[in-house]
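Note that this note's numbering has the sequence shown beginning at 12, numbered continuously upward.
Using N, Cα and C, we set each Cβ at its ideal position, and we do this for glycine too.
Report on one structure; see the data block that follows.
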Amino acid sequence: MITAYQQIENLVIRHDVDFSSLTTMKVGGKALLVVEPYLVRQIIQLINILKESKTKYFVLGRGSNCIACGDYDGVIVLLANNFSSIASYGDSVVACAGAPLAQVAQLCLKRQLSGAEFLATLPGSVGGGVTSNCGCFGQEICDIVSSALLTDGYVTRWYSASELKFNYRTSLIKDSDKIALKVKFKLKKGDRNAIEEKITQLKRQKLATQPLNYPSSGSIFLRQGEIIPAKLIELAGLKGIKVGDAQISPIHSGFIVNCGHATSQDVVKLIEIIQNNIFTKYQVKLVKEVVFIK
12 MITAYQQIEN LVIRHDVDFS SLTTMKVGGK ALLVVEPYLV RQIIQLINIL
62 KESKTKYFVL GRGSNCIACG DYDGVIVLLA NNFSSIASYG DSVVACAGAP
112 LAQVAQLCLK RQLSGAEFLA TLPGSVGGGV TSNCGCFGQE ICDIVSSALL
162 TDGYVTRWYS ASELKFNYRT SLIKDSDKIA LKVKFKLKKG DRNAIEEKIT
212 QLKRQKLATQ PLNYPSSGSI FLRQGEIIPA KLIELAGLKG IKVGDAQISP
262 IHSGFIVNCG HATSQDVVKL IEIIQNNIFT KYQVKLVKEV VFIK
């Protein structure tokens, strides 16, 4: 398999990489093979090779919504390091999938473009953000996406926002074999001071309501209509409980945090405890928002 990869020029290949360095929860075993492309054509060729050889793979950005469950014996296609450029064109911004969402917000501030301020509070990457239609503070990424370049390793083309079929924390991309390569954002001209003030306000609000002092994967469970998982978890008396060094955050019970040396087993066990407890007490099946790498 390595021989096939070596057909792709200048591809970075690493072995036995700790998932603690690849995900924001900082748990898991090792990624036995990590491949880091930096060009669109490299990614397309790589995905094609992986599919043709029936090799298990996982496309990873900044790992902010993922939990690695032990060692991974497939291929991690890592976009965060080498495939992360961002450029602006008038009132539009085009970002590669591995680009941090927060850096998109910073470029918009620099170019005095309004609409992306909420991205400054999100730890993930552009590709993951558009795949899951991430959002916070009443906004979702679909509000500012005009199109996205997708590939399945065979066909690569730009999809309009309507074709991306955005919905709450999902899109056409999620649970499909397509991956986002680039995303184009449509924004509005604004006042720099007003944009900066809004970013500061949102960051202050996040700091006051979310556990930013410990590693986490963000919200563990999806909202289901009027059902808010964090409220149910708190009502059930689970806030603050621990399994090993994995803890339901005392600040926000929708988060599980790594208090020091949590393992993926600790996190998975705690998720199961929450789901079982909430179902027993309220007959509600909590649906995971986080993605397991296994």
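Alpha-carbon spacing of residue 238 relative to residue 299, whole angstroms
One-based indexing of the sequence shown puts residue 238 at position 227. One-based indexing of the sequence shown puts residue 299 at position 288. Distance between the alpha carbons of residue 238 and residue 299: 13 Å.
Residue 162 by DSSP, collapsed to three states: which one?
Taking the first residue of the sequence shown as position 1, residue 162 is located at position 151. Strand at residue 162.
Is the number of C-beta pairs between the stretch 264 to 278 and the stretch 44 to 53 that are closer than 8 Å three or more?
no
Give the range of the alpha helix (DSSP H) segment to which residue 77 is assigned.
Here residue 77 is taken as the residue at index 66 of the sequence shown, counted from 1. Taken as a continuous stretch (DSSP letters only), residue 77 belongs to no alpha helix (DSSP H), being part of the beta strand (DSSP E) at 77 to 79.
Apply the 10 Å Cβ neighbour rule to residue 63 and answer buried if 16 or more other Cβ atoms are within range, or exposed otherwise.
Translated into the one-based positions of the sequence shown, residue 63 becomes position 52. Counting Cβ neighbours within 10 Å, residue 63 comes out exposed, since fewer than 16 surround it.
For residue 155, I'd like the list of residues in its chain whose CB is within less than 7 Å of its CB, leaving aside the five on either flank, ordered along the chain.
Sequence index remark: in the sequence shown, residue 155 carries index 144 (1-based). Closer than 7 Å at the Cβ level, and outside the excluded window around residue 155, lie 126, 127, 196, 197, 198.
Does the distance from the C-beta atom of residue 79 to that of residue 38 stay below 8 Å?
To locate residue 79, count along the sequence shown from 1; it is residue 68. To locate residue 38, count along the sequence shown from 1; it is residue 27. Contact flag set, yes.
Classification of residue 232 by the beta-carbon crowding that lies within 10 angstroms, buried from 16 upward:
The residue you call residue 232 lines up with position 221 of the sequence shown. Buried: at least 16 other Cβ atoms inside 10 Å.
Buried or exposed for residue 111, please, with buried defined as at least 16 other CB atoms from any protein chain shown within 10 angstroms of its CB.
Counting from one through the sequence shown, the residue named residue 111 turns up at place 100. Buried is the call here.
Simplified DSSP state of residue 181, which is helix, strand or coil
Along the sequence shown, one-based indexing puts residue 181 at 170. Looking at residue 181 - three-state DSSP - the assignment turns out to be strand.
Looking only at its own chain, which residues have a Cβ that is under 7 Å from the Cβ of residue 257, when we skip the five neighbours before and after it?
Here residue 257 is taken as the residue at index 246 of the sequence shown, counted from 1. Excluding residues within five positions, the ones whose Cβ falls inside 7 Å are 267, 269, 273, 277, 278, 281.
Tell me the rounded alpha-carbon separation between residue 187 and residue 88.
Translated into the one-based positions of the sequence shown, residue 187 becomes position 176. Translated into the one-based positions of the sequence shown, residue 88 becomes position 77. Spanning the two alpha carbons is a distance of roughly 16 Å.
Can residue 120 and residue 210 be called in contact, C-beta distance under 8 Å?
Along the sequence shown, one-based indexing puts residue 120 at 109. Along the sequence shown, one-based indexing puts residue 210 at 199. Contact: yes.
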